[in-house]
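Encoded as C-alpha cells, the structure appears first; notes follow it.
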Amino acid sequence: MRWFWIFLVILIAGGLWFVLSEPVPVELPQPDSPASVPPTNSEPPASPPPPAAIPAPELDLLGESGSIVRPKPVLLTDTRSPNDVVRRIDDRTLELDGRFRIVGNGRADDPYRISWELLTSSNSYVDAAVKALTPPPWVRALDGTYIEISGYYSTAVRVSAAKNLLLTLNRWDGCCIGLPPTPFDAVDMDMRAPVMMQGLHLFRFGTFRGRLVVSPFETGGFLLGLYRLEDTTFEQ
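Read left to right, the sequence shown gives residues 2 to 237 (the numbering used here).
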C-alpha cells in the first residue's frame, strides 16, 4: 500500500512538471485577407528625373597643349584724334573725353594735375600681344606736356640716392613687399637731381612734376612700359 502512494505522488509530480514546463504558444500576426488589402498599381512607381547635367565650361583652362589658357579682355579702339576729346572748361581746366577733368596749363611752371584713373584707362586699348599699341586719344593728348602726379616711388636696386625712380599707383618697395606695378599704373621717372633713398623696405610717397612721354615699349609681345617722366622734380 505504501508503494502505491509513493508511485502516485511521483506520477502527480511528473504531471505537474510536464504541465508547467510546456512552452506557451505565441500568436503571430496573421496576414490581411485579400479583401482588406488596398488595391495597388501593378506598375512600379516612376523614378525621379535625373539631375540636370552641369554644362562644361567653354574655357579650357589647361588647353590641348597643357598650358594655362586665360580669358582675353575685350580690347577697345578709339580712332578719334586728341583734339576731338578735349574740351576747355575755363582758363585752367580741361575736360578729356567728357569724364577726366584736369587743372593746369601743361607748362613746367603750371603742369596738369592728373589722376591715376586717367593713365590706367589705357589698359582697355593697349595689348602688345596683338600689336595694339595705340593709347586712347585722351591719353595721347597729354604726350609732351608737363604733368603733376602723386604716388609711391622706389628704385630697382638698393642705393642711397637715385636719379631714376619708378612711380606707382600702389605701394611697392621695389622687391617683395606690396603690389608689383603694371605698365598702366607705373611711370618711369628721370630725375633732374638725385633723390635720397635712405632706409630699407620703406613705402615712400611723394608728388612729382615732369614732362610726360607716352611711348609704348614692348618686346616679344609683352608691354614693358608706357609712361615716362623727363626732367622730373620732387615736389614733396
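No residue lacks a Cβ here, since even glycine has one placed at the ideal position from N, Cα and C.
Rounded separation between residue i and residue j - CA only
i: LYS164; j: ASP189; result: 11 Å
i: SER116; j: VAL87; result: 16 Å
i: PHE223; j: VAL127; result: 11 Å
i: MET197; j: THR80; result: 43 Å
i: PRO83; j: PHE235; result: 29 Å
i: CYS176; j: ASN124; result: 24 Å
i: ARG114; j: ILE103; result: 6 Å
i: PRO182; j: ILE150; result: 16 Å
i: ARG205; j: GLY152; result: 8 Å
i: PHE209; j: VAL75; result: 33 Å
i: ILE148; j: ASP232; result: 11 Å
i: PRO112; j: ASP174; result: 27 Å
i: ARG100; j: TRP139; result: 10 Å
i: LEU97; j: ASP91; result: 13 Å
i: MET192; j: GLY211; result: 9 Å
i: PRO195; j: THR78; result: 39 Å
i: ALA133; j: GLU118; result: 20 Å
Beta bridge counterpart(s) of residue i as assigned by DSSP
i: GLU118; result: DSSP, once it has assigned bridges, lists no residue as partnering GLU118.
i: SER125; result: In DSSP, SER125 forms no bridge with anything.
i: ALA1; result: Missing from the structure shown is residue 1; the chain here goes from 2 to 237 and no further.
i: THR80; result: In DSSP, THR80 forms no bridge with anything.
Neighbourhood of residue i by C-beta, 6 Å cutoff - its chain only, sequence neighbours within 5 removed
i: LEU143; result: LEU213
i: ALA130; result: GLY222
i: ASN171; result: LEU180
i: PHE218; result: LEU225 and GLY226
Beta-carbon proximity of residue i to residue j, cut-off 8 Å
i: ARG89; j: GLY105; result: no
i: GLY107; j: THR156; result: no
i: ALA187; j: LEU166; result: no
i: THR135; j: PHE185; result: no
Cβ neighbours of residue i in the same chain (closer than 8 Å, five flanking residues each side left out)
i: SER161; result: MET197, MET198 and GLN199
Own chain partners of residue i with C-beta closer than 7 Å, once the 5 adjacent residues on each side are dropped
i: ARG141; result: PRO83 and VAL215
i: ALA109; result: TYR147
- Scan the region 194–220 and note each continuous alpha helix (DSSP H) run of 4 residues or more that stays entirely inside, going in chain order. none
- Task: Quick one: which unbroken beta strand (DSSP E) runs of 3-plus residues sit fully inside the region 137–182? Chain order, please.
- Result: For the region 137–182, the continuous beta strand (DSSP E) assignments of 3+ residues that do not extend past its boundaries occur at 147–155 and 162–169, in sequence order.
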